[in-house]
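Notes follow once the structure below has been shown.
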Amino acid sequence: MEKTPPIRKLHLREQIDAEDLKQIPAMASATGFFSPAEIEIAFELAEEKFQKKEDSSYRFLFADKERETLGFSCFGLIPCTLSSYDLYWIVVSPEAQGTGIGTYLIGETERRIASLGGTRVYVDTSGREQYRTTRAFYESRGYRQAAVLEDFYGPSDAKIIYCKYIKDPC
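In this note's numbering, the protein residues as written are 942 to 1111.
Okay, structure coming up:
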């Protein structure tokens, strides 16, 4: 059975609430892509945003359908840069993958970054075979491979850095 994109029924929100502190690690874990340490980092970023609100450098964007969060992104200005942003996380719940939510979420994240004066978005991912579809996702959305750091995460596990120009800095 083919999944139907629920895009027109999605509600996007930037505010983080207490329920998100439970859903973020659960959703990241459910994908099967992230280690316990990575999931802990996702929780820590969310917790900082929840506690510090606008004083946090992290920004979140949630894609909700009715009362259920189906995906989220986390991004922020890279320290010591004028207009380069990191896309730290983009996660879609396994049940909603393949419905266009990831494409919609990354597009909306890029629009928000551009509205903040961002000109480039950087994203890191693993070179392991498991991440082949992740790399294809970024590449099909205009991201180009900017660097490969061999054995970064461990033996035979490179860090692949992608970049996308979203706005001309001039």
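Note that the Cβ used here is the ideal one computed from N, Cα and C, for glycine as well. Just so you know, these numbers come straight off a predicted model, no measurement behind them.
If you drop the 5 nearest sequence neighbours on each side, which residues of the same chain put their C-beta closer than 6 Å to that of residue i?
i, result
"Glu1091", "Ala1099"
"Met968", "Val1032, Ser1034"
"Tyr1072", "Thr1066"
Measuring only the C-alpha atoms, how far is residue i from residue j?
i, j, result
"Leu1028", "Glu1036", "22 Å"
"Val1033", "Glu1070", "19 Å"
"Ala1002", "Gly1095", "Looking at the sequence itself, residue 1002 is Leu, so the reference to Ala does not match. Near 30 Å, if we compare the C-alpha coordinates of Gly1095 and Leu1002."
"Asp1139", "Gly1012", "Beyond the ends of the chain as shown, which are 942 and 1111, falls residue 1139; an answer cannot be given."
For residue i, collect the residues of the same chain with a Cβ closer than 7 Å to its Cβ; drop the 5 residues on either side in sequence, then sort them by chain order.
i, result
"Glu989", "Ser997, Tyr999"
My assumption, with CB atoms under 8 Å, is that residue i sits in contact with residue j. Please give the rounded CB distance.
i, j, result
"Ile1101", "Thr1066", "5 Å"
"Pro966", "Phe991", "Not really, about 13 Å apart at Cβ, beyond 8 Å."
"Phe1010", "Gln964", "Note that residue 1010 corresponds to Thr in the displayed sequence, not to Phe. Contact flag correct, Cβ pair sits at about 5 Å."
So, residue i versus residue j, is the Cβ gap smaller than 7 Å?
i, j, result
"Ile1054", "Tyr1084", "no"
"Glu1114", "Ile1107", "No answer is possible for residue 1114: it lies beyond the span of the chain, which begins at 942 and ends at 1111."
In or out: residue i buried (at least 16 other Cβ within 10 Å) or exposed?
i, result
"Gly1058", "exposed"
"Tyr1103", "buried"
"Ala959", "exposed"
Please confirm whether any heavy atom of the ligand MG lies closer than 6 Å to the CB of residue i.
i, result
"Lys1006", "In the structure shown, the ligand MG is absent, as is every other ligand, since no ligand is present at all."
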